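Trainee: The structure that follows is given in the form of C-alpha coordinates.
Next comes the structure, spelled out in C-alpha coordinates:
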(Lines of atoms letter the chains of each structure in order from A; the text may use other names.)
(Lines give C-alpha, C1' and ligand atoms only; values in the text may rest on other atoms or scores of the structure.)
Protein backbone atom coordinates (compact mmCIF):
# COMPACT_ATOMS: atom_id res chain seq x y z
CA UNK A 1 0.00 0.00 0.00
CA UNK A 2 1.80 3.13 -1.22
CA UNK A 3 2.84 5.49 1.57
CA UNK A 4 1.90 3.10 4.37
CA UNK A 5 4.49 1.03 6.19
CA UNK A 6 2.74 -1.90 7.84
CA UNK A 7 3.82 -4.49 10.40
CA UNK A 8 1.67 -7.35 11.64
CA UNK A 9 1.65 -8.57 15.24
CA UNK A 10 -0.14 -11.89 15.76
CA UNK A 11 -0.06 -15.10 17.80
CA UNK A 12 2.63 -17.74 17.32
CA UNK A 13 0.31 -20.68 16.74
CA UNK A 14 -2.52 -21.71 14.47
CA UNK A 15 -5.39 -22.99 16.60
CA UNK A 16 -5.99 -26.75 16.40
CA UNK A 17 -2.51 -27.35 15.01
CA UNK A 18 0.53 -28.59 16.87
CA UNK A 19 3.73 -26.61 17.23
CA UNK A 20 4.62 -22.94 17.16
CA UNK A 21 5.42 -20.68 14.24
CA UNK A 22 8.59 -18.67 13.69
CA UNK A 23 8.70 -15.47 15.78
CA UNK A 24 9.72 -13.43 12.74
CA UNK A 25 8.46 -13.83 9.20
CA UNK A 26 7.47 -11.96 6.06
CA UNK A 27 4.19 -12.51 4.19
CA UNK A 28 3.84 -10.79 0.82
CA UNK A 29 6.73 -8.50 1.88
CA UNK A 30 4.92 -7.47 5.08
CA UNK A 31 6.97 -8.08 8.27
CA UNK A 32 5.19 -10.39 10.73
CA UNK A 33 5.96 -10.74 14.44
CA UNK A 34 4.43 -13.71 16.26
CA UNK A 35 4.10 -13.70 20.03
CA UNK A 36 3.36 -16.39 22.66
CA UNK A 37 0.04 -16.63 24.42
CA UNK A 38 -1.71 -18.54 27.17
CA UNK A 39 -5.25 -19.30 28.28
CA UNK A 40 -8.21 -20.28 26.14
CA UNK A 41 -8.35 -20.26 22.35
CA UNK A 42 -11.59 -18.34 22.78
CA UNK A 43 -9.70 -15.51 24.49
CA UNK A 44 -5.92 -15.98 24.05
CA UNK A 45 -3.94 -13.81 26.49
CA UNK A 46 -0.78 -12.24 25.06
CA UNK A 47 0.26 -9.13 27.03
CA UNK A 48 3.71 -9.04 25.39
CA UNK A 49 2.02 -7.35 22.44
CA UNK A 50 2.64 -4.06 24.26
CA UNK A 51 6.41 -4.51 23.72
CA UNK A 52 6.01 -4.41 19.94
CA UNK A 53 3.99 -1.24 19.52
CA UNK A 54 6.66 1.43 19.57
CA UNK A 55 7.07 3.98 16.78
CA UNK A 56 3.65 3.41 15.24
CA UNK A 57 1.45 6.27 14.10
CA UNK A 58 -1.71 4.20 14.37
CA UNK A 59 -2.68 0.74 15.64
CA UNK A 60 -5.27 -1.29 13.75
CA UNK A 61 -6.71 -4.15 15.81
CA UNK A 62 -8.46 -7.00 14.03
CA UNK A 63 -11.27 -8.82 15.86
CA UNK A 64 -12.92 -8.35 19.24
CA UNK A 65 -10.77 -10.40 21.58
CA UNK A 66 -7.98 -10.00 24.16
CA UNK A 67 -5.98 -7.55 22.03
CA UNK A 68 -9.03 -5.32 21.67
CA UNK A 69 -9.65 -5.17 25.42
CA UNK A 70 -6.01 -5.12 26.55
CA UNK A 71 -4.91 -2.34 24.20
CA UNK A 72 -7.95 -0.31 25.22
CA UNK A 73 -6.77 -0.68 28.82
CA UNK A 74 -3.28 0.47 27.76
CA UNK A 75 -4.58 3.40 25.71
CA UNK A 76 -2.89 6.10 27.82
CA UNK A 77 0.44 4.29 27.72
CA UNK A 78 0.31 3.84 23.95
CA UNK A 79 -0.65 7.46 23.21
CA UNK A 80 -1.43 6.74 19.53
CA UNK A 81 -4.87 6.46 17.92
CA UNK A 82 -6.38 3.03 17.45
CA UNK A 83 -9.00 1.61 15.11
CA UNK A 84 -10.60 -1.83 15.13
CA UNK A 85 -12.18 -4.08 12.51
CA UNK A 86 -15.01 -6.17 13.93
CA UNK A 87 -14.82 -9.42 11.89
CA UNK A 88 -18.11 -10.68 13.30
CA UNK A 89 -17.27 -9.91 16.91
CA UNK A 90 -17.61 -13.04 19.04
CA UNK A 91 -21.09 -14.02 17.89
CA UNK A 92 -20.11 -16.84 15.53
CA UNK A 93 -22.24 -19.33 17.42
CA UNK A 94 -25.05 -19.37 19.95
CA UNK A 95 -22.81 -20.87 22.65
CA UNK A 96 -22.71 -18.91 25.91
CA UNK A 97 -25.10 -16.39 24.38
CA UNK A 98 -26.15 -14.82 27.69
CA UNK A 99 -22.53 -14.43 28.84
CA UNK A 100 -21.59 -12.94 25.47
CA UNK A 101 -24.44 -10.45 25.70
CA UNK A 102 -23.33 -9.32 29.18
CA UNK A 103 -19.67 -9.09 28.10
CA UNK A 104 -20.57 -7.13 24.97
CA UNK A 105 -22.67 -4.59 26.85
CA UNK A 106 -20.07 -4.05 29.58
CA UNK A 107 -16.43 -4.84 28.75
CA UNK A 108 -16.72 -4.51 24.97
CA UNK A 109 -18.68 -1.28 25.33
CA UNK A 110 -16.03 0.18 27.68
CA UNK A 111 -13.16 -0.91 25.42
CA UNK A 112 -14.83 0.54 22.33
CA UNK A 113 -14.62 4.05 23.81
CA UNK A 114 -10.82 3.93 23.47
CA UNK A 115 -10.94 3.48 19.68
CA UNK A 116 -11.15 6.35 17.22
CA UNK A 117 -13.07 4.26 14.70
CA UNK A 118 -15.04 1.02 14.96
CA UNK A 119 -14.96 -0.48 11.46
CA UNK A 120 -17.79 -2.94 10.83
CA UNK A 121 -16.77 -5.55 8.25
CA UNK A 122 -20.37 -6.07 7.14
CA UNK A 123 -23.80 -4.53 7.45
CA UNK A 124 -24.62 -7.29 9.91
CA UNK A 125 -21.69 -6.25 12.12
CA UNK A 126 -22.72 -2.61 11.83
CA UNK A 127 -26.15 -3.47 13.20
CA UNK A 128 -24.61 -5.36 16.13
CA UNK A 129 -22.03 -2.68 17.03
CA UNK A 130 -24.22 0.37 16.47
CA UNK A 131 -25.47 0.27 20.07
CA UNK A 132 -21.98 0.71 21.55
CA UNK A 133 -20.11 2.74 18.93
CA UNK A 134 -22.08 5.90 18.25
CA UNK A 135 -20.67 8.20 15.57
CA UNK A 136 -17.34 6.34 15.54
CA UNK A 137 -18.90 3.42 13.65
CA UNK A 138 -18.31 3.08 9.91
CA UNK A 139 -18.88 0.13 7.59
CA UNK A 140 -16.23 -1.14 5.20
CA UNK A 141 -17.29 -4.50 3.83
CA UNK A 142 -14.56 -7.04 3.24
CA UNK A 143 -12.96 -7.42 -0.14
CA UNK A 144 -11.25 -10.27 -1.95
CA UNK A 145 -8.25 -10.78 -4.17
CA UNK A 146 -9.93 -10.59 -7.57
CA UNK A 147 -7.24 -12.64 -9.27
CA UNK A 148 -6.86 -15.65 -6.95
CA UNK A 149 -9.92 -17.68 -8.02
CA UNK A 150 -11.34 -15.58 -10.83
CA UNK A 151 -13.15 -17.62 -13.54
CA UNK A 152 -11.91 -20.87 -11.95
CA UNK A 153 -15.17 -22.86 -11.93
CA UNK A 154 -16.00 -25.57 -14.45
CA UNK A 155 -16.51 -24.23 -17.96
CA UNK A 156 -19.11 -26.93 -18.54
CA UNK A 157 -22.10 -27.22 -16.19
CA UNK A 158 -21.76 -30.18 -13.84
CA UNK A 159 -23.52 -31.61 -10.82
CA UNK A 160 -20.79 -30.88 -8.29
CA UNK A 161 -21.08 -28.71 -5.19
CA UNK A 162 -18.04 -27.41 -3.36
CA UNK A 163 -17.77 -25.90 0.09
CA UNK A 164 -14.52 -24.45 1.39
CA UNK A 165 -13.43 -22.81 4.62
CA UNK A 166 -12.77 -23.67 8.25
CA UNK A 167 -14.21 -26.90 9.68
CA UNK A 168 -16.11 -25.25 12.55
CA UNK A 169 -19.52 -26.14 14.01
CA UNK A 170 -21.12 -22.78 13.18
CA UNK A 171 -20.37 -23.42 9.50
CA UNK A 172 -22.93 -26.26 9.74
CA UNK A 173 -21.05 -28.57 7.42
CA UNK A 174 -23.28 -31.33 8.80
CA UNK A 175 -26.18 -29.88 6.80
CA UNK A 176 -24.38 -30.30 3.49
CA UNK A 177 -24.86 -34.07 3.63
CA UNK A 178 -28.68 -34.09 3.79
CA UNK A 179 -28.63 -31.46 1.04
CA UNK A 180 -26.53 -33.81 -1.08
CA UNK A 181 -28.87 -36.70 -0.24
CA UNK A 182 -31.86 -34.65 -1.40
CA UNK A 183 -30.08 -33.77 -4.65
CA UNK A 184 -29.10 -37.39 -5.30
CA UNK A 185 -32.70 -38.50 -4.94
CA UNK A 186 -33.38 -36.33 -7.99
CA UNK A 187 -30.19 -37.13 -9.89
CA UNK A 188 -27.60 -39.66 -8.61
CA UNK A 189 -24.72 -37.85 -10.36
CA UNK A 190 -24.48 -35.14 -7.69
CA UNK A 191 -21.13 -34.91 -5.87
CA UNK A 192 -19.88 -32.81 -2.96
CA UNK A 193 -16.37 -31.54 -2.26
CA UNK A 194 -15.53 -30.14 1.18
CA UNK A 195 -12.14 -28.43 1.39
CA UNK A 196 -10.63 -26.48 4.23
CA UNK A 197 -8.73 -26.30 7.47
CA UNK A 198 -9.67 -28.63 10.33
CA UNK A 199 -10.67 -26.72 13.46
CA UNK A 200 -13.17 -27.91 16.07
CA UNK A 201 -14.14 -30.55 13.50
CA UNK A 202 -11.73 -32.85 11.70
CA UNK A 203 -11.81 -34.88 8.51
CA UNK A 204 -12.94 -38.02 10.36
CA UNK A 205 -15.84 -36.14 11.94
CA UNK A 206 -17.05 -35.12 8.49
CA UNK A 207 -16.62 -38.63 7.10
CA UNK A 208 -18.76 -40.03 9.90
CA UNK A 209 -21.47 -37.47 9.09
CA UNK A 210 -21.36 -38.47 5.43
CA UNK A 211 -21.56 -42.17 6.35
CA UNK A 212 -24.49 -41.57 8.68
CA UNK A 213 -26.40 -39.75 5.93
CA UNK A 214 -25.63 -42.46 3.38
CA UNK A 215 -23.80 -40.24 0.90
CA UNK A 216 -20.16 -41.12 1.63
CA UNK A 217 -19.59 -42.39 -1.92
CA UNK A 218 -20.44 -38.94 -3.28
CA UNK A 219 -18.26 -36.91 -0.91
CA UNK A 220 -14.63 -35.83 -1.23
CA UNK A 221 -12.99 -34.16 1.78
CA UNK A 222 -9.69 -32.33 1.36
CA UNK A 223 -7.72 -31.03 4.34
CA UNK A 224 -5.54 -27.91 4.16
CA UNK A 225 -5.47 -27.32 0.40
CA UNK A 226 -3.29 -24.49 -0.85
CA UNK A 227 -4.64 -21.96 -3.33
CA UNK A 228 -3.37 -23.94 -6.32
CA UNK A 229 -5.09 -27.11 -5.09
CA UNK A 230 -8.30 -25.26 -4.31
CA UNK A 231 -8.38 -23.60 -7.71
CA UNK A 232 -8.05 -27.04 -9.30
CA UNK A 233 -11.01 -28.29 -7.24
CA UNK A 234 -13.08 -25.25 -8.20
CA UNK A 235 -12.53 -26.16 -11.85
CA UNK A 236 -14.53 -29.36 -11.29
CA UNK A 237 -17.59 -27.64 -9.76
CA UNK A 238 -20.52 -25.49 -10.86
CA UNK A 239 -22.09 -24.89 -7.45
CA UNK A 240 -20.94 -23.56 -4.07
CA UNK A 241 -22.73 -24.38 -0.80
CA UNK A 242 -22.60 -22.75 2.62
CA UNK A 243 -25.35 -23.41 5.14
CA UNK A 244 -23.57 -21.55 7.94
CA UNK A 245 -25.66 -20.41 10.92
CA UNK A 246 -23.52 -17.28 11.33
CA UNK A 247 -21.26 -15.19 9.12
CA UNK A 248 -19.85 -11.77 9.82
CA UNK A 249 -19.53 -11.20 6.08
CA UNK A 250 -19.23 -14.41 4.06
CA UNK A 251 -15.82 -14.15 2.43
CA UNK A 252 -15.79 -17.69 1.00
CA UNK A 253 -19.11 -17.06 -0.73
CA UNK A 254 -17.69 -13.97 -2.44
CA UNK A 255 -14.60 -15.90 -3.52
CA UNK A 256 -16.93 -18.57 -4.89
CA UNK A 257 -18.76 -15.93 -6.92
CA UNK A 258 -15.43 -14.72 -8.27
CA UNK A 259 -14.76 -18.27 -9.47
CA UNK A 260 -18.10 -18.30 -11.28
CA UNK A 261 -19.80 -20.73 -8.91
CA UNK A 262 -23.54 -20.46 -8.27
CA UNK A 263 -24.05 -20.26 -4.49
CA UNK A 264 -26.56 -22.17 -2.38
CA UNK A 265 -26.62 -20.30 0.92
CA UNK A 266 -28.35 -20.37 4.28
CA UNK A 267 -31.00 -17.71 4.78
CA UNK A 268 -29.01 -15.45 7.13
CA UNK A 269 -28.64 -11.68 6.89
CA UNK A 270 -25.15 -11.47 5.28
CA UNK A 271 -26.11 -14.01 2.62
CA UNK A 272 -29.43 -12.31 1.94
CA UNK A 273 -27.55 -9.07 1.35
CA UNK A 274 -25.03 -10.82 -0.90
CA UNK A 275 -27.67 -12.42 -3.12
CA UNK A 276 -29.68 -9.20 -3.28
CA UNK A 277 -26.65 -7.13 -4.20
CA UNK A 278 -25.23 -9.50 -6.81
CA UNK A 279 -28.47 -11.01 -8.10
CA UNK A 280 -27.01 -14.53 -7.95
CA UNK A 281 -27.69 -17.42 -5.61
CA UNK A 282 -30.28 -19.61 -3.92
CA UNK A 283 -31.26 -19.17 -0.27
CA UNK A 284 -31.99 -22.42 1.52
CA UNK A 285 -34.32 -23.04 4.42
CA UNK A 286 -32.48 -25.85 6.16
CA UNK A 287 -35.70 -27.44 7.38
CA UNK A 288 -36.64 -28.27 3.78
CA UNK A 289 -33.75 -29.76 1.83
CA UNK A 290 -36.09 -31.27 -0.76
CA UNK A 291 -37.35 -27.82 -1.74
CA UNK A 292 -33.92 -26.27 -2.30
CA UNK A 293 -32.69 -29.45 -4.01
CA UNK A 294 -35.60 -29.21 -6.45
CA UNK A 295 -34.73 -25.58 -7.25
CA UNK A 296 -31.07 -26.39 -7.80
CA UNK A 297 -31.73 -29.47 -9.95
CA UNK A 298 -34.31 -27.56 -12.00
CA UNK A 299 -31.69 -24.91 -12.73
CA UNK A 300 -28.98 -27.47 -13.45
CA UNK A 301 -31.13 -29.50 -15.85
CA UNK A 302 -32.59 -26.44 -17.56
CA UNK A 303 -31.29 -24.22 -20.34
CA UNK A 304 -27.45 -24.34 -20.42
CA UNK A 305 -27.51 -20.71 -21.52
CA UNK A 306 -29.02 -19.76 -18.15
CA UNK A 307 -26.22 -21.53 -16.29
CA UNK A 308 -23.66 -19.68 -18.41
CA UNK A 309 -25.45 -16.41 -17.67
CA UNK A 310 -25.43 -17.11 -13.91
CA UNK A 311 -21.74 -18.00 -14.07
CA UNK A 312 -20.90 -14.70 -15.77
CA UNK A 313 -23.17 -12.77 -13.40
CA UNK A 314 -21.46 -14.36 -10.39
CA UNK A 315 -18.03 -13.26 -11.61
CA UNK A 316 -19.35 -9.77 -12.30
CA UNK A 317 -21.02 -9.59 -8.88
CA UNK A 318 -17.77 -10.44 -7.10
CA UNK A 319 -16.19 -7.33 -8.61
CA UNK A 320 -18.24 -5.29 -6.13
CA UNK A 321 -15.91 -6.64 -3.42
CA UNK A 322 -12.45 -5.71 -4.69
CA UNK A 323 -9.78 -5.62 -1.98
CA UNK A 324 -8.01 -2.75 -3.77
CA UNK A 325 -11.07 -0.54 -3.26
CA UNK A 326 -11.32 -1.67 0.36
CA UNK A 327 -7.66 -0.82 0.97
CA UNK A 328 -8.20 2.72 -0.30
CA UNK A 329 -11.07 3.17 2.13
CA UNK A 330 -8.91 1.98 5.03
CA UNK A 331 -6.21 4.49 4.14
CA UNK A 332 -8.89 7.18 4.12
CA UNK A 333 -9.81 6.11 7.67
CA UNK A 334 -6.17 6.37 8.76
CA UNK A 335 -5.93 9.84 7.23
CA UNK A 336 -9.11 10.93 8.94
CA UNK A 337 -8.00 9.62 12.32
CA UNK A 338 -4.52 11.10 12.07
CA UNK A 339 -5.64 14.34 10.47
CA UNK A 340 -2.86 14.27 7.94
CA UNK A 341 -1.89 12.66 4.65
CA UNK A 342 -1.33 8.90 4.71
CA UNK A 343 1.90 9.68 2.88
CA UNK A 344 3.36 10.62 6.25
CA UNK A 345 2.44 7.37 7.95
CA UNK A 346 5.67 5.76 9.07
CA UNK A 347 4.13 2.70 10.64
CA UNK A 348 0.88 0.91 11.21
CA UNK A 349 0.72 -1.89 13.71
CA UNK A 350 -1.77 -4.34 12.29
CA UNK A 351 -2.75 -6.85 14.95
CA UNK A 352 -4.52 -10.13 14.45
CA UNK A 353 -3.68 -10.99 10.85
CA UNK A 354 -1.67 -13.94 9.63
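Residue numbers (the UniProt record's numbering): 1 to 354. Note that the Cβ used here is the ideal one computed from N, Cα and C, for glycine as well. None of these values were measured; they are calculated from a predicted model.
Quick check on this structure: which residue in 258, 137 and 27 has the alpha carbon closest to the alpha carbon of residue 113?
Mentor: Per the Cα distances, 137.
Trainee: Among 333, 320, 331 and 339, which residue has its Cα nearest to the Cα of residue 144?
Mentor: Looking at the Cα atoms, 320 is the closest of the given residues.
Trainee: Where does residue 113 fall in DSSP's three states?
Mentor: Reduced to three states, the DSSP call for residue 113 is coil.
Trainee: Below 8 Å on the Cβ atoms is my contact criterion, and I expect residue 311 with residue 153 to pass it. Report the Cβ-Cβ distance as a whole number of Å.
Mentor: Their Cβ separation, rounded to whole angstroms, is 7 Å, which keeps residue 311 and residue 153 in contact under 8 Å.
Trainee: Report buried or exposed for residue 96, applying the criterion of at least 16 other Cβ atoms within 10 angstroms of its Cβ.
Mentor: Looking at its Cβ environment, which holds fewer than 16 other Cβ atoms inside 10 Å, residue 96 is exposed.
Trainee: So, is residue 59 buried or exposed, given that buried needs 16 or more other C-beta atoms within 10 angstroms?
Mentor: Looking at its Cβ environment, which holds 16 or more other Cβ atoms inside 10 Å, residue 59 is buried.
Trainee: Under 7 Å Cβ to Cβ from residue 157, same chain only, skipping five residues before and after it: list those, please.
Mentor: Closer than 7 Å at the Cβ level, and outside the excluded window around residue 157, lie 238, 300, 304 and 307.
Trainee: Measuring CA to CA, which of 279, 302 and 264 is closest to residue 286?
Mentor: With distances taken between Cα atoms, residue 286 lies closest to 264.
Trainee: Between residue 338 and residue 57, is the Cβ-Cβ spacing less than 8 Å?
Mentor: In this structure, residue 57 lies closer than 8 Å to residue 338 by Cβ.
Trainee: For residue 247, count neighbouring Cβ atoms within 10 angstroms of its own Cβ and tell me buried if that reaches 16, exposed if not.
Mentor: The residue in question, residue 247, is buried, as its Cβ has 16 or more Cβ neighbours within 10 Å.
Trainee: Which stretch, first to last residue, makes up the beta strand (DSSP E) that contains residue 44?
Mentor: Neither: residue 44 is in no beta strand (DSSP E) and is coded neither H nor E.
Trainee: Do residue 333 and residue 117 have their C-beta atoms closer together than 8 Å?
Mentor: Result yes, Cβ atoms of residue 333 and residue 117 sit closer than 8 Å.
Trainee: Whose C-beta lies closer than 8 Å to the C-beta of residue 177 among residues of the same chain, with five residues either side of it excluded?
Mentor: For residue 177, where only same-chain residues beyond five positions count, the Cβ hits under 8 Å are 192, 209, 210, 212, 213, 215 and 219.
Trainee: Taking 8 Å as the threshold (C-beta atoms), are residue 315 and residue 151 in contact?
Mentor: Going by C-beta atoms, residue 151 is nearer than 8 Å to residue 315.
Trainee: Quick check: what's the CA-CA separation for residue 298 versus residue 242?
Mentor: If I take the Cα positions, the gap works out to 19 Å.
Trainee: Rounded to whole angstroms, what is the Cα-Cα separation between residue 274 and residue 328?
Mentor: Residue 274 and residue 328: Cα-Cα distance of roughly 22 Å.
Trainee: Check whether the Cβ atoms of residue 266 and residue 284 lie closer than 8 Å to each other.
Mentor: Contact flag set, yes.
Trainee: With residue 194 and residue 173 assumed to form a contact (beta carbons below 8 Å), what rounded beta-carbon distance in angstroms separates them?
Mentor: Yes, residue 194 and residue 173 are in contact; Cβ-Cβ is about 6 Å, under 8 Å.
Trainee: With DSSP as the reference, label residue 311 as helix, strand or coil.
Mentor: Residue 311: helix per DSSP, three-state reduction.
Trainee: Within its chain, find whatever has a CB closer than 6 Å to the CB of residue 33; leave out the 5 residues flanking it on each side and keep chain order.
Mentor: 9 and 52.
Trainee: Suppose contacts are defined by Cβ-Cβ distances below 8 Å. Is residue 88 in contact with residue 125 by that definition?
Mentor: Yes. Within cutoff.
Trainee: Drop a sphere of 10 angstroms on the beta-carbon of residue 91, count the other beta-carbons inside from all chains shown, and report buried for 16 or more, exposed for fewer.
Mentor: Its Cβ being crowded by 16 or more others within 10 Å, residue 91 is buried.
Trainee: Look at the alpha carbon of residue 280 and the alpha carbon of residue 69, and state the distance between them as a whole number of angstroms.
Mentor: Spanning the two alpha carbons is a distance of roughly 39 Å.
Trainee: Going by the CB atoms, is the gap between residue 131 and residue 249 shorter than 8 Å?
Mentor: No. Outside cutoff.
Trainee: Assuming residue 162 and residue 233 make a contact with CB atoms under 8 Å, what is their CB distance in whole Å?
Mentor: 6 Å between Cβ atoms; contact.
Trainee: Do residue 35 and residue 26 come within 8 Å of each other at the CB atom, strictly closer than that value?
Mentor: Taking 8 Å as the Cβ cut-off, residue 26 and residue 35 do not qualify as a contacting pair.
Trainee: Mind checking residue 61: buried by the 16 CB within 10 Å criterion, or exposed?
Mentor: Classification for residue 61: buried.
Trainee: Using C-beta distances below 7 Å, list every residue in its chain close to residue 99, excluding the 5 sequence neighbours before and after it, in chain order.
Mentor: Around residue 99: no qualifying Cβ.
Trainee: Going by beta carbon distance, what residues of the same chain come within less than 6 Å of residue 317, once the five residues before and after it are set aside?
Mentor: Excluding positions up to five away in sequence, the list reads 257, 278 and 280.
Trainee: Quick one: which unbroken alpha helix (DSSP H) runs of 4-plus residues sit fully inside the segment 76 to 159? Chain order, please.
Mentor: Those alpha helix (DSSP H) runs which fall completely within the segment 76 to 159 and span 4+ residues are 97 to 103, 109 to 112 and 123 to 133.
Trainee: Going straight from the alpha carbon of residue 217 to that of residue 80, what length do you get?
Mentor: In a straight line, the C-alpha of residue 217 is about 57 Å away from that of residue 80.
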